[in-house]
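Numbering (this note's numbering), first residue to last: 4 to 662. Below is one structure, written out as structure tokens; the observations come after it.
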Amino acid sequence: MGPVTAAAPAVIPVETLHLNLLGPVEAQRGDAPVKLGGPKPRTVLAALILARGRVISDTRLTALLWGDHPPATCPAQLHTYASRVRHLLGPGVAVERRRPGYLIRLPEQGVRVDLLEFQERAARGAQALAAGDPATAAGELRRALAVWRGVALGGVCDPLADAERDRLEEERLVTLERRIDADLELGRHAALIPELIALIAADPLREGLRGQLMTALYRSGRQADALAAYRAARATLAAELGLEPSAELRRLQQALLTGHPSLLSRTARSAREAPPAGEVRRRGGTTVRAPRPPAPARVETVPPPAELPPAPADFTGRDQEVIRLATALAGHRPRRPDQAVHVVTGMPGIGKTSVALQTAHRVKRSYPDGQIHLDLRGSGPRPLDPAEALGELLRLVGVAPHRIPADPDGRARAWRSRTADSRLLLVLDDAADERGVRPLLPVTDGCAVLITSRSGLYALEGVSRTVLAPLTPPESRALFTRLAGTSLTDSEPAAAAAVVDACAGLPLALRVAGAKVMARPHLPLSRYADRLGDPDRTLAELAVADLSVRDRLTDAYGRLAPPARRALRFLSAPGPHPVEPGTMARLLGTGPEEADDLLADLASAHWAEALRHPRGPAYRLHPLVRLFAQGMLAAEEGSVPRVLPQHASWAATRTDNTA
Numbered sequence: 004m005g006p007v008t009a010a011a012p013a014v015i016p017v018e019t020l021h022l023n024l025l026g027p028v029e030a031q032r033g034d035a036p037v038k039l040g041g042p043k044p045r046t047v048l049a050a051l052i053l054a055r056g057r058v059i060s061d062t063r064l065t066a067l068l069w070g071d072h073p074p075a076t077c078p079a080q081l082h083t084y085a086s087r088v089r090h091l092l093g094p095g096v097a098v099e100r101r102r103p104g105y106l107i108r109l110p111e112q113g114v115r116v117d118l119l120e121f122q123e124r125a126a127r128g129a130q131a132l133a134a135g136d137p138a139t140a141a142g143e144l145r146r147a148l149a150v151w152r153g154v155a156l157g158g159v160c161d162p163l164a165d166a167e168r169d170r171l172e173e174e175r176l177v178t179l180e181r182r183i184d185a186d187l188e189l190g191r192h193a194a195l196i197p198e199l200i201a202l203i204a205a206d207p208l209r210e211g212l213r214g215q216l217m218t219a220l221y222r223s224g225r226q227a228d229a230l231a232a233y234r235a236a237r238a239t240l241a242a243e244l245g246l247e248p249s250a251e252l253r254r255l256q257q258a259l260l261t262g263h264p265s266l267l268s269r270t271a272r273s274a275r276e277a278p279p280a281g282e283v284r285r286r287g288g289t290t291v292r293a294p295r296p297p298a299p300a301r302v303e304t305v306p307p308p309a310e311l312p313p314a315p316a317d318f319t320g321r322d323q324e325v326i327r328l329a330t331a332l333a334g335h336r337p338r339r340p341d342q343a344v345h346v347v348t349g350m351p352g353i354g355k356t357s358v359a360l361q362t363a364h365r366v367k368r369s370y371p372d373g374q375i376h377l378d379l380r381g382s383g384p385r386p387l388d389p390a391e392a393l394g395e396l397l398r399l400v401g402v403a404p405h406r407i408p409a410d411p412d413g414r415a416r417a418w419r420s421r422t423a424d425s426r427l428l429l430v431l432d433d434a435a436d437e438r439g440v441r442p443l444l445p446v447t448d449g450c451a452v453l454i455t456s457r458s459g460l461y462a463l464e465g466v467s468r469t470v471l472a473p474l475t476p477p478e479s480r481a482l483f484t485r486l487a488g489t490s491l492t493d494s495e496p497a498a499a500a501a502v503v504d505a506c507a508g509l510p511l512a513l514r515v516a517g518a519k520v521m522a523r524p525h526l527p528l529s530r531y532a533d534r535l536g537d538p539d540r541t542l543a544e545l546a547v548a549d550l551s552v553r554d555r556l557t558d559a560y561g562r563l564a565p566p567a568r569r570a571l572r573f574l575s576a577p578g579p580h581p582v583e584p585g586t587m588a589r590l591l592g593t594g595p596e597e598a599d600d601l602l603a604d605l606a607s608a609h610w611a612e613a614l615r616h617p618r619g620p621a622y623r624l625h626p627l628v629r630l631f632a633q634g635m636l637a638a639e640e641g642s643v644p645r646v647l648p649q650h651a652s653w654a655a656t657r658t659d660n661t662a
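Now the structure itself:
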């Protein structure tokens, strides 16, 4: 099909054939309408034109005419309709039989198709707009839109309308938005506001129009109304679709809050940024021109961050914890700040990061503005400073390095501004304390924060906590079997049970054990079980590659205050276990209150477990922590004390209630 030029002469020849699809489907020769008949001939004509000179098959035409229930005589009827269209359009327009169907050939001259005219003018307008010529763009786009006479494909059969009408309407709306963009560049913002309000009333879910209204209001000096328009858009999207505004609309809202220069038209930006305009004549008649103004500033447009590390592929157990966290996070909606911050806590090696990542991946689709994982390095010798963390967070949300404030307060303000009205999921991994976390918490209630920490971070306000206990025996067996393989565990079930028992429900220990036996397939599992069963070798055997239970405990131990380290060592002393504060006071040589405080601090940091009893609390250690602490006791105390035998009476009468 030859191209139809849109630059037609002002006086159209009388015999020009007009074929119109952008409204009721009709044909007109000169001023005389062509009587196409009912919906089926109109459908054949429209389908052939939309095929753009390509063959459209009998099967496709049949479906467009009759849908899923064609009559037995449809081949004959299809031939009749094609012949009728050929006859009505007259000479010069060829409706050809070309197997497996039909095609239409239009001459280069003498035929105008409104769809082609619209598309060619729209393309020229888009090119002019991209080239920085809004005046030309506005004219071409306005003339393109004037071609439309109503709802496209009027009077055709439903299958064709269903297949093509939405696509054509989208082309019209895109062209309309470009025309509005051109008018905005030309400074016509005030005149556009009533038009945009009417367009949004007709199509309230179209975010492009919402953004243009916000821009027009801002440029008219109505910043508050522009922000109110954003809130209205957000409320409509939430009510109708359960969605947040697009990233582009949220970036526009951020620009409105900060008065970003990109909100101004090119003309206004140039006037604001350029040096004094015109020519300057120096003495002697030399003429110099002002330098070209800098390129207009733009709002950074970066994709939402997707920074979550992969969740462990062999994750096993913790079903209730993950479901509870995922339900709270996926169901979190603005105005419910009580659910915004969740802390996952527990002893070293208990699997806090695995639970957090498993949960985060389940709910990430609920946070369209991105998902960020940041390692705060709280277990290491140098935790990440809050200012460093804020700088990294700002970089991840698209702030250019040279725009990141140097001072901590400036970074905190910038972070709050960038996350305002966002739906962002932030995973803060391995937090050392509240000081390292507070500046990183977004103030908006649309964000959610998932924190892992060996400390419970009990001084943080409005936080829910999930304390991870050791895996249950069935969960432990399932994880070890998944890691080591069923063939190995099935061949030596007793040895497998002994390995699982030695790991005492600690996921890190089970992971190390599984990796170690997989790395030594030639050795019997029973031999490894025997080594693990030897208390003098247990921790040494729970190390492979860069995974080590002893190293993990050593790192955490180094962050304890000296009195807490000493209390941990003495809590592991041989003798009845658990230990009461009075017994600990005698071992440490301190008063009962000081011993009670030290033990309570160890329990809060998940080094010890507090057990309730009518006589008062008592404390015990995880078996692997106790082995580790006994090693530190022997190394640092010289002689190993024994827990006083009087404590055995409590151990004999205690209940199994745990704190």
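The C-beta atom is built at its ideal place from N, Cα and C for all residues, glycine as well. What you are looking at is a predicted structure, and each value in this text was computed from that prediction instead of being measured.
- Here Asp165 carries a helix assignment [DSSP, helix/strand/coil].
- Secondary structure at Val347: strand, using DSSP grouped into helix, strand and coil.
- Sequence-distant Cβ neighbours of Ser529 in its own chain, meaning closer than 7 angstroms and more than five residues away, are Glu495 and Ala498.
- Around the beta-carbon of Leu526, fewer than 16 other beta-carbon atoms lie within 10 Å, marking it exposed.
- The segment 385-404 and the segment 467-478 do not touch, with fewer than three beta-carbon pairs separated by less than 8 angstroms.
- Annotated three-state conformation of Ala331 is helix, per DSSP.
- In the structure shown, Ala608 adopts coil according to DSSP, grouped into three states.
- Fewer than three pairs of CB atoms, one per stretch, sit closer than 8 angstroms, so the segment 368-376 makes no contact with the segment 318-327.
- For Ala472, no beta strand (DSSP E) encloses it, and the DSSP letter there is neither H nor E.
- Pro74 and Thr83 have their C-alpha atoms spaced approximately 14 angstroms apart.
- The bridge partners DSSP lists for Gln374 are Ala309 and Leu428.
- Secondary structure in the segment 612-638: the beta strand (DSSP E) runs of 3 residues or longer, each lying completely within the stretch, are 621-624 in chain order.
- Residue environment: Glu464 is assigned as exposed (fewer than 16 neighbouring CB atoms within 10 Å of its CB, all protein chains considered).
- In the displayed model, Leu106 falls within a strand according to three-state DSSP.
- Rounded to whole angstroms, the Cβ separation of Leu64 and Ala50 is 6 angstroms, and the two are in contact under 8 angstroms.
- Nearest in C-alpha terms to Pro577, of all of Gly561, Pro538 and Ser86, is Pro538.
- For Gln31, the secondary structure class from DSSP, reduced to helix, strand or coil, is strand.
- When DSSP states are grouped into helix, strand and coil, Val58 belongs to the coil group.
- Boundaries around Arg101 are those of the beta strand (DSSP E), Ala97 to Arg101, since no alpha helix (DSSP H) includes it.
- Under the DSSP assignment, Ala141 falls in the alpha helix (DSSP H) whose first and last residues are Pro137 to Ala149.
- Under DSSP, Pro36 shares a beta bridge with Gln31.
- Taking 8 angstroms as the cut-off, the beta carbon of Val628 is found closer than this to the beta carbon of Met350.
- Within the segment 57-89, the complete alpha helix (DSSP H) segments at least 4 residues long are 61-69, listed from N- to C-terminus.
- Separation of Ala512 and Arg327 (C-alpha to C-alpha, rounded to the nearest whole angstrom) is 25 angstroms.
- As a beta-bridge residue in DSSP terms, Ile454 pairs with Val346 and Leu431.
- Under the 8 angstroms Cβ criterion, the segment 21-31 counts as touching the segment 149-162, having at least three qualifying pairs.
- Comparing C-alpha distances from Arg32 to each of Pro162, Val114, Ala258 and Pro584 shows the shortest one belongs to Val114.
- The continuous alpha helix (DSSP H) containing Arg365 extends over residues Lys355 to Val366.
- With a threshold of 16 other beta carbon atoms within 10 Å, Arg416 falls short and is exposed.
- The DSSP-derived three-state label of Gly214 is helix.
- Bridge partners of Ser467 according to DSSP: His345.
- As DSSP reads the structure, His21 sits in a beta bridge with Gln31 and Arg115.
- Straight-line spacing of the CA atoms in Ala532 and Thr492 works out to 12 angstroms.
- Cβ contact annotation for Met217 (same chain, cutoff 7 angstroms, sequence separation greater than five): Ala229, Ala232, Tyr233, Leu255 and Leu259, in chain order.
- Inter-segment contact for the segment 355-366 and the segment 383-392 is absent: fewer than three beta-carbon pairs are separated by less than 8 angstroms.
- Apart from the 5 residues on each side of it in sequence, Leu332 sits with its Cβ closer than 6 angstroms to the Cβ of Val366 and Ala451 in its chain, given in chain order.
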